[in-house]
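See structure below.
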Amino acid sequence: MIRNNSLRDAMWDGDLNICLFVFNEEAIWVVDDKVNYSLDAEKDYRAYLERGDITNSQYEAACKEFRGGVLRLDSENFDYYLKNTSAKVLSTNDLGELFFDSACGTGDGLLDELEGHYTSGRDISAGHFKRINMLASRLPSFYINFDRHIFMHLDGSRFHEDLAHGGWVSKRGDFEFLIPDSHRYWVRKSRSYWKVRFLSG
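Using numbering that gives the first Met the number 0, the first residue of the sequence shown is number 0, and each one after it goes up by one.
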């Protein structure tokens, strides 16, 4: 059970993001800084070095320090990443509590108003608009499947897909269809709150 607001605040501020990892047929929810979802950070650091943005010593230090020394995240070091870095593993129930907390004011009225906006263009109240953005910050932005070599994200601030390993399916796009129903913590009473992310901004 999540007992404080620090995680919510960090998500709202954009400091933390949620990713669903699939590893050995197990779906694992992780909360971490989004830079740590880059599969091959060496590509970035190598580019900085070649452009002269950093020195050799800075490059070597960055390679050792990034993500607890896990420069290239893969199935071989995934367990180390979970246990030795800033990554926080949460259950689907934990995330459901986080998503539907009373402070965010979820309810049928919010979804009804949002669906009315999508259907007919009706205005959304300022209060609901803020809540929609709060909810969107608590939805996953990354999906990394080590079993099938799939990397997808919904973060518009960076081309994370360029840092995927060779041979992977890697792109920016909606990945909800890849998430098992049993892990969709944003669904309540058969109503899906996933749609809030397409209005947020």
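Heads up, the beta-carbon is just placed ideally off N, CA and C, and yes, glycines get one too.
As the structure is a computational prediction, the values presented were derived from the model and not from experiment.
>> According to DSSP, is Ser169 part of a helix, a strand, or is it coil?
In response: Per DSSP, reduced to three states, the secondary structure at Ser169 is strand.
>> Three Cβ pairs or more, each shorter than 8 Å: is that satisfied between the region 30 to 45 and the region 60 to 73?
In response: yes
> With a cut-off of 8 Å, do at least 3 Cβ pairs link the region 166 to 182 to the region 15 to 28?
Replying inline: yes
> By the 10 Å Cβ neighbour count, where 16 or more other Cβ atoms means buried, how is Ser140 classified, buried or exposed?
Replying inline: buried
>> Comparing C-alpha positions only, which one of Ser90, Leu177, Ala46 sits nearest to Asp146?
In response: Leu177
> Measuring CA to CA, which of Thr54, Glu114, Thr84 is closest to Gly68?
Replying inline: Thr84
>> So, at 6 Å on beta carbons, what are the nonlocal neighbours of Met0 in its own chain, with the 5 sequence-adjacent residues on each side left out?
In response: Any answer about Met0 is weak, because its pLDDT of 46 lies below 50 and its placement is not dependable; what the coordinates show is given next. Excluding positions up to five away in sequence, the list is empty.
> Count the other CB atoms within 10 Å of the CB of Lys33; is the residue buried (16 or more) or exposed (fewer)?
Replying inline: buried
>> Just verifying my parser: in three-state terms, what is the DSSP assignment at Asn16?
In response: strand
> Is Trp167 close to chain B, meaning its C-beta is less than 7 Å from at least one C-beta of that chain?
Replying inline: This model lacks chain B altogether; it includes just one protein chain.
> What is the DSSP secondary structure of Tyr192, reduced to helix, strand or coil?
Replying inline: coil
> Would you say Asn144 and Val30 are within 7 Å of each other, going by their C-beta atoms?
Replying inline: The criterion of a C-beta distance shorter than 7 Å is not satisfied by Asn144 and Val30.
>> Considering only their Cβ atoms, is the gap separating Val195 from Ala125 smaller than 7 Å?
In response: Contact flag unset, no.
>> Can you check which of these residues, Val186, Ile131, Asp111, Tyr36, is closest to Glu149 by C-alpha distance?
In response: A small fix is needed here, since residue 149 is Ile in this sequence, not Glu. Looking at the Cα atoms, Tyr36 is the closest of the given residues.
> Buried or exposed: Asn55, going by 16 or more other Cβ atoms within 10 Å of its Cβ?
Replying inline: exposed
>> In the DSSP assignment, the alpha helix (DSSP H) including Ala40 goes from what residue to what residue?
In response: Following the DSSP letters along the chain, one finds Ala40 inside the alpha helix (DSSP H) bounded by residues 40 to 50.
> Can you tell me whether DSSP reads Trp11 as helix, strand or coil?
Replying inline: helix
>> What ranges does the alpha helix (DSSP H) occupy inside the region 48 to 85, keeping only unbroken runs of at least 4 residues that lie completely in it?
In response: 55 to 64, 77 to 83
> Could you check where the beta strand (DSSP E) with Glu25 kicks off and where it finishes?
Replying inline: 25 to 31
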